[in-house]
Each structure stands twice: as C-alpha cells, then as structure tokens.
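To start, the structure under review is shown below, and the notes come after it.
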Ligand code: NAP
Ligand code: HSE
C-alpha cells in the first residue's frame, strides 16, 4: 500500500452498492479515518455512462468508463469492484491484483467461478482479495468461516442466501402477493440482480453456496457443481399445502462433505415451521454451519440492499487498511484449489411432497401408490380433495413420502406422468427438516 497519507479507493460500479459505498466514504469520513488510522479518498469511479448525474457522489469525483485508468493508477491502493457480472469484472480484478492493488469485491459470480485462482494470484502478489459482501449481504460469514471457525472441520452448510427470493416467498406466503408483484417490489428495493432470473432461478444462491462450500470444506466448489432449481414453478396451492402441513417454503441452499465428496444443492424446499431457517423472513438471510468443535452455529442478518452490503464492503476495506497501517500482515485466505468428487443429486435422501392431478375413478389411487411402492418409496400421508362426482375434472392428490432416494422418486414421477389416469405433470418439492 502507498505511503501517501490518504488511502486511494477506486470504485468500479456506482449502482445500488457503489452508491452506498461512496455515500459512506464521504458521510462517515471522520469515523472511518479514526478507525483506519488514515483518511480514505475516493480516487475515481468506473461506470458505463459517464454523462449520467450521480446523486450521492461528490460533484468533483472522477468518473470514467476506462477501467485501466483506475486498476493500475499510482494513487489507487484498494479497488472496490461492485459492478457485477463475470466480465469485465473478472479482468478488472485480475488487472488490479497484478498491479499490486488490494481488491474488495461483492461479486459472487466471479468468486464462484474463479475464486480459488484469484485468491492464489492475490497471495502470490502479497495483496488481499476480500469478498465478505459476496455472500449474505451484511451478514459476517466469510470472515468467521476463514478466521474464527478455522479450527473446525466443517461438514455441512444449510442456508437461505438469496434476499430477493426470500422476500418474494415471504410476501407470497404471508400476504398472498403474486409472483410478479413480489419480484417488482424486490427490484424496487434494490435487492435483485441486474438480471433477476439469476435470483429466481437459484443461480445467485448457487454462486453463494459454491463460495461458502469452498471455504467451509477447503476445496474448490464451483457454481456448476451445485444442483439447482428455482422458484418459478411454485404456485398458490403449494403455499397452502405447505402451511396446512406445518411447513414453510424456502429457497434452500445446502451442502455436505460426505466420505471425501461434496454434495451441493439449491432448490425450493418445505422446511418444518419450527426449523430455525424456516423463521428467516423477508430480505433476511441465514447460514447454518456444522463444525466438529462448534457444533451447529447460525449467522443471520439482512441479505441484500445498499446499506447492509456497504457494511460488508467497508468492513473489508477497513481491515485491509488497519492491517497495513499497523504494519501487520493483510488478511489472507487458505489455499482451496484441491478438487473433491461431486456427488449427484440422484444420491440425495430426503422426504418429498408430490402434488398431482388424477381422474377420480375406482382403482386410481391403487395405481399411484403401486408405482411408488414399486420404486421403494414409502408413503407417510396422502390427501385427496373431493371433486363433484359428475364433473369429470381431475382430483388433486398430495402425497408426503418418508425419506427416499432421489433417483427412485424421480423414476416414480416419470412413471406416474406416463399413467393414463394422471393429468399433467406431477409437482415435486423436497421436504427438509434439518436431519436430511
Ligand atoms: P447495479 O445497481 O446494477 O450497479 C452496477 C454498476 O456497475 C452501475 O453503476 C454500472 O454503471 C456499473 N457497470 C456495470 N457494468 C459495467 C461495465 N461493463 N463497465 C463500466 N461500468 C459498469 O448493481 P448492484 O446491485 O450495485 O450490484 C453490484 C454488485 O454487488 C453485484 O456483483 C451484485 O451481485 C453484488 N451485490 C449486490 C447486492 C444488492 O443488494 N444489490 C448485495 C450483495 C452483493 P452505470 O451506472 O453506468 O450503468
Ligand atoms: N440479488 C442478491 C439477493 C443480492 O437478492 O440476495 C445480494 O447478494
């Protein structure tokens, strides 16, 4: 880091998070200086559109759309990347690290796809790549994982780590909001990704689970290693059944280290209403970890939005400045480049909710339960709603299974779909109560 009195900070991105960071750097300048031991100065800001007015930014701030003027500049010590997306963000981070700059990023996509190599590059250059804001918004989770829990062998992660979908699912379950309205609200609040399909299709949660699993299990887990389903197919009936059966629907992100292999998955799941993750509502996120020393530990807080994310970014900036000001080593991360086998979701064992429509004729239920029995899937309960006898409309059947193997359940679903008495595609949601 330079010996100039002020620490030069370049901001790549001036959107929801970038604006929060810029406002905090100027609005809390005195407090931050006292804590860091040196003032922090905004050296420049990368945006796409330099002509646009930027309320919240100092009027004389240097705006540019050329990242090279910031990532290699002599007066920049720390590059804060909050532009998002894989490229050009990845190229900017690499250029900054190669120029000997510390980097703070909120970019889960870059970290989930290239984290281990970037961390190795940072270590080689003797600088820090910090990424607390990439998972769980304002929740301190990366720091605790790599520092405070370092003595543990962590073997399981269960999390609700997408603020947008958690906000949407809460609004849909508790206030009966429509999917479209709930998503529009999440976007207005600044929670959603620039392309919200990353949120609703579970990709954002998969990026975050890959990062958490990499640090927890100390091996490379990338986003494509994570089995993923989103929330688009849920409908009002699923929320009603979940509620009636004592469950809450969450977009669950869960991974396990099992016999030297990793299993990681993101999908909507029925969580028992008493399970702590089921009680995490709105934009709040939570991460549960199981370590051999600590046991189960849970971290909870706001998972998205300008201020919580700024909290994580500024925390990373301050810890880098304080370490270098006091002559200590800058924060470093373990080598996580080892690869372990990835277990397919087909090997999962859990309980299942199955909703299908079947013609209400004699023998139909026997055919349905016969298929499940043939596949070794044991039933815990069956609900069938009565339909008028002469209407000819299919009746809705909901089946809850005991713990079963995913491959067997998937095969049973294919066989059920092929039955002439079953109408349309059966809906499958996993049920997890923390013991699966
Ligand atoms: P955003 O509001 O869309 O802002 C993105 C900013 O980056 C904009 O200022 C944009 O410039 C600039 N930018 C994007 N691509 C660029 C390019 N190719 N060249 C130059 N500038 C470019 O995004 P955000 O919500 O602040 O999110 C930023 C990052 O933080 C993402 O990685 C996101 O996943 C992460 N994050 C966000 C949250 C949250 O709650 N929003 C929470 C945690 C982490 P213009 O202004 O000119 O368009
Ligand atoms: N779009 C992300 C979310 C932002 O909703 O959780 C925080 O990473």
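Numbering (this note's numbering), first residue to last: 19 to 454.
Built from N, CA and C at the ideal position, the CB exists for glycine as well.
Pairwise C-alpha distance: residue j and residue i
{"i": "residue 93", "j": "residue 163", "result": "32 Å"}
{"i": "residue 131", "j": "residue 385", "result": "46 Å"}
{"i": "residue 59", "j": "residue 24", "result": "6 Å"}
{"i": "residue 109", "j": "residue 275", "result": "32 Å"}
{"i": "residue 331", "j": "residue 41", "result": "13 Å"}
{"i": "residue 454", "j": "residue 413", "result": "Model confidence at residue 454 stands at a pLDDT of 40, short of 50, so the residue's coordinates are unreliable and nothing is read from them."}
{"i": "residue 121", "j": "residue 159", "result": "18 Å"}
{"i": "residue 49", "j": "residue 43", "result": "10 Å"}
{"i": "residue 431", "j": "residue 227", "result": "28 Å"}
{"i": "residue 318", "j": "residue 151", "result": "14 Å"}
{"i": "residue 266", "j": "residue 71", "result": "43 Å"}
{"i": "residue 390", "j": "residue 396", "result": "7 Å"}
{"i": "residue 256", "j": "residue 99", "result": "39 Å"}
{"i": "residue 305", "j": "residue 238", "result": "19 Å"}
{"i": "residue 279", "j": "residue 357", "result": "9 Å"}
{"i": "residue 314", "j": "residue 448", "result": "22 Å"}
{"i": "residue 286", "j": "residue 295", "result": "13 Å"}
{"i": "residue 74", "j": "residue 115", "result": "28 Å"}
{"i": "residue 411", "j": "residue 434", "result": "18 Å"}
{"i": "residue 224", "j": "residue 282", "result": "9 Å"}
{"i": "residue 161", "j": "residue 394", "result": "44 Å"}
{"i": "residue 167", "j": "residue 82", "result": "41 Å"}
{"i": "residue 444", "j": "residue 106", "result": "42 Å"}
{"i": "residue 289", "j": "residue 138", "result": "38 Å"}
{"i": "residue 428", "j": "residue 446", "result": "9 Å"}
{"i": "residue 64", "j": "residue 87", "result": "9 Å"}
{"i": "residue 47", "j": "residue 250", "result": "43 Å"}
{"i": "residue 436", "j": "residue 333", "result": "55 Å"}
{"i": "residue 350", "j": "residue 147", "result": "8 Å"}
{"i": "residue 406", "j": "residue 442", "result": "20 Å"}
{"i": "residue 398", "j": "residue 213", "result": "40 Å"}
{"i": "residue 401", "j": "residue 258", "result": "13 Å"}
{"i": "residue 298", "j": "residue 215", "result": "22 Å"}
{"i": "residue 26", "j": "residue 39", "result": "14 Å"}
{"i": "residue 292", "j": "residue 316", "result": "15 Å"}
Residue j beta carbon less than 8 Å from that of residue i
{"i": "residue 91", "j": "residue 32", "result": "no"}
{"i": "residue 230", "j": "residue 335", "result": "no"}
{"i": "residue 354", "j": "residue 134", "result": "yes"}
{"i": "residue 311", "j": "residue 234", "result": "no"}
{"i": "residue 515", "j": "residue 79", "result": "In the structure displayed, the chain extends from 19 to 454; residue 515 sits before or after that span and is not available."}
{"i": "residue 181", "j": "residue 321", "result": "yes"}
{"i": "residue 178", "j": "residue 252", "result": "no"}
{"i": "residue 236", "j": "residue 352", "result": "yes"}
{"i": "residue 173", "j": "residue 149", "result": "no"}
{"i": "residue 421", "j": "residue 387", "result": "no"}
{"i": "residue 96", "j": "residue 338", "result": "yes"}
{"i": "residue 169", "j": "residue 34", "result": "no"}
{"i": "residue 211", "j": "residue 189", "result": "no"}
{"i": "residue 364", "j": "residue 424", "result": "yes"}
{"i": "residue 85", "j": "residue 136", "result": "no"}
{"i": "residue 165", "j": "residue 309", "result": "no"}
Candidates the options, of which the one nearest residue i by Cα
{"i": "residue 205", "options": "50, 363, 301", "result": "301"}
{"i": "residue 156", "options": "324, 401, 166, 201", "result": "324"}
{"i": "residue 176", "options": "284, 242, 207", "result": "284"}
{"i": "residue 240", "options": "254, 214, 273, 208", "result": "273"}
{"i": "residue 191", "options": "254, 67, 404, 242", "result": "254"}
{"i": "residue 271", "options": "292, 258, 303, 299", "result": "303"}
{"i": "residue 242", "options": "362, 36, 37", "result": "362"}
{"i": "residue 125", "options": "277, 328, 250", "result": "328"}
{"i": "residue 366", "options": "426, 441, 437", "result": "426"}
{"i": "residue 36", "options": "326, 403, 399, 213", "result": "326"}
For residue j and residue i, believed in contact at Cβ under 8 Å, the rounded distance
{"i": "residue 89", "j": "residue 61", "result": "Their Cβ separation, rounded to whole angstroms, is 11 Å, which puts residue 89 and residue 61 out of contact at 8 Å."}
Neighbour flag for residue i against chain C, beta carbons, 8 Å
{"i": "residue 380", "result": "No chain C appears in this structure, which consists of one protein chain only."}
Next on the checklist: Across the region 337 to 346 and the region 52 to 68, are there enough close Cβ pairs to call them in contact, namely three or more that are closer than 8 Å?
Outcome noted: yes
Next on the checklist: For the region 232 to 246 against the region 186 to 200, do three or more pairs of beta-carbon atoms, one drawn from each stretch, fall closer than 8 Å, so that the two count as touching?
Outcome noted: no
Checklist entry - Is it a yes or a no for the region 136 to 147 touching the region 206 to 225, going by three-plus beta-carbon pairs under 8 Å? => result no
Checklist entry - Is it a yes or a no for the region 374 to 381 touching the region 248 to 264, going by three-plus beta-carbon pairs under 8 Å? => result no
Item to check | the region 184 to 192 in contact with the region 240 to 248 per 3-pair CB rule at 8 Å | outcome: no
Checklist entry - Looking at C-beta atoms only, is the number of pairs between the region 417 to 430 and the region 367 to 376 that lie closer than 8 Å three or more? => result yes
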